[in-house]
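Protein sequences appear in the order of chains E and L. Numbers given in this note's numbering equal positions in the first sequence, counted from 1, plus 73. Numbers given in this note's numbering equal positions in the second sequence, counted from 1, plus 73. Ideal Cβ positions, reconstructed from N, Cα and C, are used throughout, including at glycine. Report on one structure; see the data block that follows.
Protein chains: 2
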Amino acid sequence: MESAVEGYRGPALDLLRRYGTKAGQYVEVLMSDGQTLRGLVIPRYQSADDRHIVLKLKSGYNVGLDVRTITSIKSLSGGTENASNDLSSSKNESEKTSLSGKSLLLISTGGTIASRVDYRSGAVFPALSAADLYSSVPELDKIARIEPEVVFSITSENMTPRDWSTLSSKIIDLASAKNPDGVVVMMGTDTLGYASAALSFSLLGFKFPVVIVGAQRSSDRPSSDAALNLRSAAFFAVESKKPGVFVAMHRNESDNEIAIHRGTRVRKNHTSRRDAFQSIDSHLIATVRDANQIQWRADQITPNIPVEYLLKTKFDSSVALVKFHPGFDPGVLDYLADQKQIKGIIVEGTGLGHVSDGVVSKIAQINKAGVFVGITSQCIWGHVDLFVYGPGRDLISAGGVPLENMFAETAFAKLSWVVGNFPGRTKELMLREFIGEFNARIPLSSKMSRSGSAQ
Amino acid sequence: MESAVEGYRGPALDLLRRYGTKAGQYVEVLMSDGQTLRGLVIPRYQSADDRHIVLKLKSGYNVGLDVRTITSIKSLSGGTENASNDLSSSKNESEKTSLSGKSLLLISTGGTIASRVDYRSGAVFPALSAADLYSSVPELDKIARIEPEVVFSITSENMTPRDWSTLSSKIIDLASAKNPDGVVVMMGTDTLGYASAALSFSLLGFKFPVVIVGAQRSSDRPSSDAALNLRSAAFFAVESKKPGVFVAMHRNESDNEIAIHRGTRVRKNHTSRRDAFQSIDSHLIATVRDANQIQWRADQITPNIPVEYLLKTKFDSSVALVKFHPGFDPGVLDYLADQKQIKGIIVEGTGLGHVSDGVVSKIAQINKAGVFVGITSQCIWGHVDLFVYGPGRDLISAGGVPLENMFAETAFAKLSWVVGNFPGRTKELMLREFIGEFNARIPLSSKMSRSGSAQ
Chain E
74 MESAVEGYRG
84 PALDLLRRYG
94 TKAGQYVEVL
104 MSDGQTLRGL
114 VIPRYQSADD
124 RHIVLKLKSG
134 YNVGLDVRTI
144 TSIKSLSGGT
154 ENASNDLSSS
164 KNESEKTSLS
174 GKSLLLISTG
184 GTIASRVDYR
194 SGAVFPALSA
204 ADLYSSVPEL
214 DKIARIEPEV
224 VFSITSENMT
234 PRDWSTLSSK
244 IIDLASAKNP
254 DGVVVMMGTD
264 TLGYASAALS
274 FSLLGFKFPV
284 VIVGAQRSSD
294 RPSSDAALNL
304 RSAAFFAVES
314 KKPGVFVAMH
324 RNESDNEIAI
334 HRGTRVRKNH
344 TSRRDAFQSI
354 DSHLIATVRD
364 ANQIQWRADQ
374 ITPNIPVEYL
384 LKTKFDSSVA
394 LVKFHPGFDP
404 GVLDYLADQK
414 QIKGIIVEGT
424 GLGHVSDGVV
434 SKIAQINKAG
444 VFVGITSQCI
454 WGHVDLFVYG
464 PGRDLISAGG
474 VPLENMFAET
484 AFAKLSWVVG
494 NFPGRTKELM
504 LREFIGEFNA
514 RIPLSSKMSR
524 SGSAQ
Chain L
74 MESAVEGYRG
84 PALDLLRRYG
94 TKAGQYVEVL
104 MSDGQTLRGL
114 VIPRYQSADD
124 RHIVLKLKSG
134 YNVGLDVRTI
144 TSIKSLSGGT
154 ENASNDLSSS
164 KNESEKTSLS
174 GKSLLLISTG
184 GTIASRVDYR
194 SGAVFPALSA
204 ADLYSSVPEL
214 DKIARIEPEV
224 VFSITSENMT
234 PRDWSTLSSK
244 IIDLASAKNP
254 DGVVVMMGTD
264 TLGYASAALS
274 FSLLGFKFPV
284 VIVGAQRSSD
294 RPSSDAALNL
304 RSAAFFAVES
314 KKPGVFVAMH
324 RNESDNEIAI
334 HRGTRVRKNH
344 TSRRDAFQSI
354 DSHLIATVRD
364 ANQIQWRADQ
374 ITPNIPVEYL
384 LKTKFDSSVA
394 LVKFHPGFDP
404 GVLDYLADQK
414 QIKGIIVEGT
424 GLGHVSDGVV
434 SKIAQINKAG
444 VFVGITSQCI
454 WGHVDLFVYG
464 PGRDLISAGG
474 VPLENMFAET
484 AFAKLSWVVG
494 NFPGRTKELM
504 LREFIGEFNA
514 RIPLSSKMSR
524 SGSAQ
């Protein structure tokens with residue numbers, strides 16, 4: 074367990090050693106102001122400062138305690154109401170039976186949520202185990218028996234369409250072998266919105282709920298969202314009985330409600346807030362309160378999809394996403410089409426989907442050469458509509474395919490999937506709705522209806 | 074005035090001709106249900122249907138009347154309380170003295186707000202005159218004497234950094250000659266956010282308020298926002314006495330309140346809503362109610378800027394904006410740096426500003442070759458922060474310059490301006506705040522303070 078103090082340095086490490094305490098232990102801390110605090114000692118990032126010890130309180134909150142304000146630390150191992158949280162008394166966590174009788178396949182790919190010390194060191198992350206998890210988020214055992222699997226150990230900005238293929242296949246294989254009640258995928262938040270869209274397509278027809286979850290602030294920081302996100306994702310995965318791909322992240326800045334987003338309609342709209350993820354022009358599927366109550370808000374669209382589209386896990390890398398801007402050089406499209414032999418491009422146009430005349434001409438040229446060009450808007454919200462103005466109609470004549478209100482990130486993931494699995498059918502399938510990627514405001518239990526969107 | 078019926082075709086044109094009526098006339102329409110409506114006949118887009126006549130009511134709203142429901146039309150020329158709205162009695166509109174005694178330089182560049190019939194025909198837009206304006210928005214004469222100038226007749230998606238230079242110079246020349254109380258620039262909304270940022274830099278030190286205004290729905294459509302946007306922009310321009318560049322657009326979907334945004338902090342976030350424009354991580358400067366009351370909300374930042382930065386109107390086109398995505402091909406950066414000899418690139422990273430390891434390496438390479446690389450986030454809201462994770466620190470080592478919470482569109486416009494006017498000083502000046510392009514939440518009358526953002 075020596076590695077359990079990894080991340081602590083200097084005065085903080087000295088203090089822990091002085092009292093024979095280590096990360097993962099349940100302790101009582103006497104503060105210099107007379108207050109006592111009980112909680113789990115949580116490991117820290119190696120890059121964190123060396124003057125604080127982080128305690129996970131029973132409330133779920135983490136607090137950083139300045140070592141200069143700590144009078145003494147008492148280990149509560151073996152005693153007290155929280156004995157089960159103490160690692161030293163729970164050597165066989167992974168065999169533990171959950172209180173709920175449910176089982177969860179918990180897949181880790183990397184990212185903030187899976188990192189307790191700097192994951193670039195390689196030391197901690199690959200060692201992710203049931204014991205690690207129970208020590209970070211002890212309440213998990215009330216939700217389900219956890220079957221943890223490490224598929225990748227990468228930051229999400231390094232995740233590629235090829236990785237989406239690997240991840241999809243792994244999820245299918247592992248779930249088939251273990252037959253859990255649900256699946257949770259932990260990943261970095263940076264490209265989580267792209268990946269949730271990708272998996273929504275590659276897991277069409279998959280019988281398990283798949284909930285993708287991340288954290289904006291790592292579990293060794295005060296105000297971390299990791300624990301509640303993970304517990305809520307796990308609860309939704311094993312209790313919802315709702316096949317589909319979802320994203321579970323904080324709904325607002327307070328710490329009791331988690332939003333369950335439709336995998337194809339969710340976007341990271343803030344760099345750092347805990348509620349950075351938003352459903353775009355779309356209701357939430359549900360919210361989860363206190364990691365133990367689901368409130369339904371809208372149905373996932375579960376159309377009857379022909380078997381030819383189910384569990385198709387390939388993603389093609391020869392696709393691109395290009396944002397138009399004033400003075401945009403159409404030569405970029407030439408480069409992608411001619412030099413890189415790209416098969417399809419999603420263009421983020423302005424407003425209703427417009428691009429400059431020069432780009433319209435270039436699109437006509439590469440489209441004639443066989444490159445699919447899908448048009449979305451950098452506005453993010455709203456529908457593209459190329460019939461309002463003359464230049465928009467020119468863009469359609471040039472072969473640009475307006476993609477309604479599918480926003481760029483989802484359109485890109487879908488394009489990679491369509492090109493990867495159904496050669497020669499790109500335009501047809503990009504315009505076909507599979508899993509809520511178009512639209513919008515679907516009221517609860519009005520499956521398959523599309524509200525007012527042109528098609 | 075024959076061109077004033079342009080846009081009307083088929084049954085609608087027949088009906089207008091039958092009653093000797095034309096666009097621009099004030100009429101009373103008897104409907105088949107016995108109702109009578111009074112208003113101005115508004116020209117239509119050539120691409121609009123041929124079954125409706127559009128009437129501008131005194132309330133400012135436009136209504137489309139089905140010709141099959143119209144019993145008769147009576148011209149009110151020369152009579153009634155609204156005689157001044159009748160074009161036939163106002164040949165000399167441009168010499169009219171405004172009620173307020175103020176004067177407004179009204180510059181048109183094209184776009185929805187300046188178009189009454191399809192502007193690609195070239196027939197209507199270049200003829201924009203004071204008479205045209207008073208006929209579209211008769212209430213303008215209460216606000217100011219209008220000095221109209223047509224600078225361009227282009228859609229905003231075709232506006233380039235070079236056009237920003239031309240427009241900036243024209244504004245300076247025209248305002249110096251006419252010495253108005255304020256300036257309004259009408260343009261298409263698609264790249265209005267980019268242009269408002271651009272002009273915020275090129276017009277530093279300009280003594281007049283410059284308000285950029287557009288419309289999401291053209292003035293011949295019911296629910297057009299053109300009239301209220303224009304009247305409110307004009308009112309703010311001539312009454313605010315506030316040098317700076319602002320954007321005036323609907324604040325919400327109702328039709329009485331206009332938001333005045335800081336030119337460097339405003340983004341088009343919806344493809345079609347009238348309130349598509351939002352201030353990002355920033356207070357509104359003001360709101361304008363009923364086009365006649367200004368409510369102040371935050372100060373424009375008006376730092377003491379050395380004279381070397383004032384009225385520098387060049388924009389360099391050898392800059393680019395690139396959005397990162399999963400599987401992004403670093404070769405795009407090579408193409409821009411090597412083949413196009415670009416001098417600077419704004420990268421839209423994910424989350425806190427991250428990009429893949431391959432892109433980090435490529436950035437190191439082109440940065441060594443002298444290309445500036447500024448890092449923003451595709452999240453739109455929030456600060457980039459490359460110090461939280463290891464890969465972010467690698468990106469900084471590679472020469473990527475994190476641009477705080479300046480979002481990509483503003484960063485791109487600023488880069489074009491910095492490169493155009495101050496060769497060799499790109500990094501220094503990209504990090505220097507000129508006009509509210511960084512930050513955020515500046516309270517009313519706390520000029521120059523920057524709230525909590527790192528710099």
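Contacts that Lys341 (chain L) makes with chain E (C-beta to C-beta distance below 7 Å): For the purposes of this step, residue 341 (chain L) is taken as residue 268 along the second sequence, with counting starting at 1. Those are Gly424 and Cys452, listed as they occur along chain E.
Proximal residues to Arg193 (chain L) (C-beta, below 6 Å), its chain only, five neighbours per side dropped: Numbered from 1 along the second sequence, position 120 holds the residue referred to as residue 193 (chain L). Residue confidence for Arg193 (chain L) is low, a pLDDT of 38 falling below 50, so the modelled location carries little weight; the figure read from the coordinates is stated next. Sequence-distant Cβ neighbours of Arg193 (chain L) in its own chain, meaning closer than 6 Å and more than five residues away, do not exist here.
Short check: CB of Asp263 (chain L) to CB of Gly424 (chain E), under 7 Å? Position 190 of the second sequence, counted from the first residue, corresponds to residue 263 (chain L). Position 351 of the first sequence, counted from the first residue, corresponds to residue 424 (chain E). The criterion of a C-beta distance shorter than 7 Å is satisfied by Asp263 (chain L) and Gly424 (chain E).
Just checking: is the beta-carbon of Lys396 (chain E) within a distance shorter than 7 Å of some beta-carbon in chain L? Working through the first sequence from its first residue, we reach residue 396 (chain E) at position 323. Chain L, which has a Cβ nearer than 7 Å to the Cβ of Lys396 (chain E), makes this yes.
To the nearest angstrom, how far is the alpha carbon of Ser176 (chain L) from that of Thr233 (chain L)? Here residue 176 (chain L) corresponds to residue number 103 of the second sequence, with the count starting at 1. Here residue 233 (chain L) corresponds to residue number 160 of the second sequence, with the count starting at 1. The alpha-carbon atoms of Ser176 (chain L) and Thr233 (chain L) are separated by roughly 29 Å.
Cross-chain neighbours of Val457 (chain L) in chain E, by beta carbon under 8 Å: One-based indexing of the second sequence puts residue 457 (chain L) at position 384. Per Cβ cutoff of 8 Å: Thr344.
Measuring CB atoms only, is the stretch 451 to 458 of chain L touching the stretch 404 to 414 of chain L, in the sense that at least three cross pairs come out at less than 8 Å? With the cut-off at 8 Å, the stretch 451 to 458 of chain L and the stretch 404 to 414 of chain L do not touch.
With distances taken Cα to Cα, identify the nearest neighbour of Trp533 (chain L) among L:Gly422, L:Leu265 and L:Val474. The structure shown does not extend to residue 533 (chain L), since chain L spans only 74 to 528, so no value can be given for it.
How is Gln368 (chain E) classed by DSSP in three states: helix, strand or coil? As a first step, residue 368 (chain E) must be located in the first sequence, where it is residue number 295. Residue state for Gln368 (chain E) is assigned as strand, using DSSP reduced to three classes.
Between Asp430 (chain L) and chain E, is the shortest Cβ-Cβ distance under 7 Å, so that the two count as touching? Here residue 430 (chain L) corresponds to residue number 357 of the second sequence, with the count starting at 1. Among the CB atoms of chain E, one or more fall inside 7 Å of the CB of Asp430 (chain L).
Note down, in chain order, each residue of its chain lying with its Cβ closer than 8 Å to the Cβ of Asp123 (chain L), except the 5 sequence neighbours on either side. Locating residue 123 (chain L) in the second sequence gives position 50, counting from the first residue. When the five nearest sequence neighbours on each side are left out, the beta carbons in the same chain lying within less than 8 Å of the beta carbon of Asp123 (chain L) are those of Tyr81, Arg82, Gly83, Pro84, Ala85 and Leu86, in order along the chain.
DSSP three-state call for Tyr408 (chain L): helix, strand or coil? Taking the first residue of the second sequence as 1, we reach residue 408 (chain L) at position 335. Of the three classes helix, strand and coil, the one that applies to Tyr408 (chain L) here is helix, per DSSP.
Use the C-beta contact count for Leu178 (chain L): other C-beta atoms within 10 angstroms, 16 or more gives buried, fewer gives exposed. The residue given as residue 178 (chain L) occupies position 105 in the second sequence. With 16 or more other Cβ atoms within 10 Å, it is buried.
Closest by C-alpha distance to Ile285 (chain L), when choosing among L:Leu276, L:Ser296, L:Met260 and L:Leu277: Position 212 of the second sequence, counted from the start, is the residue given in the question as residue 285 (chain L). When each option's Cα is compared against that of Ile285 (chain L), the closest is L:Met260.
Would you mind working out which of E:Asp348, E:Thr337, E:Leu357 and E:Ile469 sits nearest Leu276 (chain E), comparing C-alpha positions? As a first step, residue 276 (chain E) is located in the first sequence; it is residue number 203 there, counting from the start. Leu276 (chain E) has its Cα closest to that of E:Thr337, out of E:Asp348, E:Thr337, E:Leu357 and E:Ile469.
Determine which residues of the stretch 475 to 506 of chain E have a Cβ less than 7 Å from any Cβ of chain L, and write them out in chain order. Residues of the stretch 475 to 506 of chain E with a C-beta atom less than 7 Å from some C-beta of chain L are Phe485, listed in chain order.
Cross-chain neighbours of Val318 (chain E) in chain L, by beta carbon under 7 Å: Here residue 318 (chain E) refers to the residue found at position 245 when the first sequence is read from its first residue. Near Val318 (chain E) there are no residues of chain L at all, since even the closest Cβ is about 16 Å away, more than 7 Å.
Pair within 7 Å by beta-carbon distance, Phe388 (chain E) and Gly493 (chain E): As a first step, residue 388 (chain E) is located in the first sequence; it is residue number 315 there, counting from the start. As a first step, residue 493 (chain E) is located in the first sequence; it is residue number 420 there, counting from the start. Yes; because the gap between Cβ atoms is below 7 Å, this pair is in contact.
List the residues that DSSP assigns as beta-bridge partners of Gly422 (chain E). To locate residue 422 (chain E), count along the first sequence from 1; it is residue 349. Beta-bridge pairing links Gly422 (chain E) to E:Ser450.
When Cβ atoms are compared, which residues of the stretch 220 to 241 of chain L fall closer than 9 Å to chain E? Within the stretch 220 to 241 of chain L, the residues whose Cβ lies closer than 9 Å to some Cβ of chain E are Thr228, Ser229, Glu230, Asn231, Met232, Thr233, Pro234, Arg235, Asp236 and Trp237, listed in chain order.
Counting contacts by CB-CB distance shorter than 7 Å, is Asp263 (chain L) in contact with chain E? In the second sequence, counting from the first residue as 1, residue 263 (chain L) sits at position 190. Asp263 (chain L) belongs to the set of residues whose beta carbon lies under 7 Å from a beta carbon in chain E.
If we call anything under 7 Å between Cβ atoms a contact, is Ile358 (chain L) one with Ile333 (chain L)? Counting from one through the second sequence, the residue named residue 358 (chain L) turns up at place 285. Counting from one through the second sequence, the residue named residue 333 (chain L) turns up at place 260. Cβ atoms of Ile358 (chain L) and Ile333 (chain L): closer than 7 Å.
Applying the criterion that 16 or more other CB atoms from any shown protein chain within 10 Å of the CB defines a buried residue, is Pro379 (chain E) buried or exposed? Working through the first sequence from its first residue, we reach residue 379 (chain E) at position 306. Result: exposed.
Would you verify that the beta carbon of Pro464 (chain E) is, or is not, closer than 7 Å to some beta carbon of chain L? Counting from 1 along the first sequence, the entry for residue 464 (chain E) is found at position 391. Answer yes: the Cβ-Cβ gap between Pro464 (chain E) and chain L drops below 7 Å somewhere.
Give me the Cα-Cα distance between Ala268 (chain L) and Phe274 (chain L), rounded to the nearest whole angstrom. Here residue 268 (chain L) refers to the residue found at position 195 when the second sequence is read from its first residue. Here residue 274 (chain L) refers to the residue found at position 201 when the second sequence is read from its first residue. Their Cα atoms are separated by approximately 10 Å.
Under the three-state DSSP convention, the category Ile216 (chain L) falls into: The residue you call residue 216 (chain L) lines up with position 143 of the second sequence. DSSP places Ile216 (chain L) in helix when its eight states are reduced to three.
Tell me whether Asp159 (chain L) sits in a helix, a strand or coil according to DSSP, three-state version. In the second sequence, counting from the first residue as 1, residue 159 (chain L) sits at position 86. Residue confidence for Asp159 (chain L) is low, a pLDDT of 34 falling below 50, so the modelled location carries little weight; the figure read from the coordinates is stated next. Note: Asp159 (chain L) maps to coil in three-state DSSP.
Counting only beta-carbon atoms, is Gly400 (chain L) nearer than 7 Å to chain E? Looking up residue 400 (chain L) in the second sequence gives position 327. Closer than 7 Å to some Cβ of chain E, the Cβ of Gly400 (chain L) qualifies, so yes.
Amino acids of chain L, ordered along the chain, whose beta-carbon sits closer than 9 Å to that of Val405 (chain E): Along the first sequence, read from residue 1 onward, the residue named residue 405 (chain E) stands at position 332. For Val405 (chain E), the neighbours in chain L by C-beta distance under 9 Å run, in chain order, Ala393, Val395, Val405, Tyr408, Leu409 and Lys413.
How about Pro199 (chain E): is its C-beta nearer than 7 Å to some C-beta of chain L? For the purposes of this step, residue 199 (chain E) is identified with residue 126 of the first sequence, where counting begins at 1. Residue placement at Pro199 (chain E) cannot be trusted, given a pLDDT of 36 that sits under 50; the coordinates are not used to answer.
Return the residues of the stretch 286 to 311 of chain E that lie within a Cβ-Cβ distance of less than 7 Å from chain L, sorted by chain order. Cβ contacts with chain L: none found.
In chain order, what residues of the same chain have a beta carbon less than 8 Å from the beta carbon of Lys441 (chain E), not counting five sequence neighbours either side? Counted from its first residue, the first sequence places residue 441 (chain E) at position 368. Apart from the 5 residues on each side of it in sequence, Lys441 (chain E) sits with its Cβ closer than 8 Å to the Cβ of Gly472 in its chain, given in chain order.
Quick one: any contact between the stretch 240 to 247 of chain E and the stretch 407 to 422 of chain L, if contact means 3 or more CB pairs under 8 Å? Too few Cβ pairs lie closer than 8 Å, so no.
Test item: CB-CB of Arg370 (chain L) and Glu330 (chain L) under 7 Å: Your numbering for residue 370 (chain L) matches position 297 in the second sequence. Your numbering for residue 330 (chain L) matches position 257 in the second sequence. Going by C-beta atoms, Arg370 (chain L) is not nearer than 7 Å to Glu330 (chain L).
Measure the alpha-carbon distance for Glu101 (chain E) versus Gly112 (chain E) and round it to whole angstroms. As a position in the first sequence, residue 101 (chain E) is number 28, starting the count at 1. As a position in the first sequence, residue 112 (chain E) is number 39, starting the count at 1. CA-CA distance, Glu101 (chain E) to Gly112 (chain E), rounds to 7 Å.
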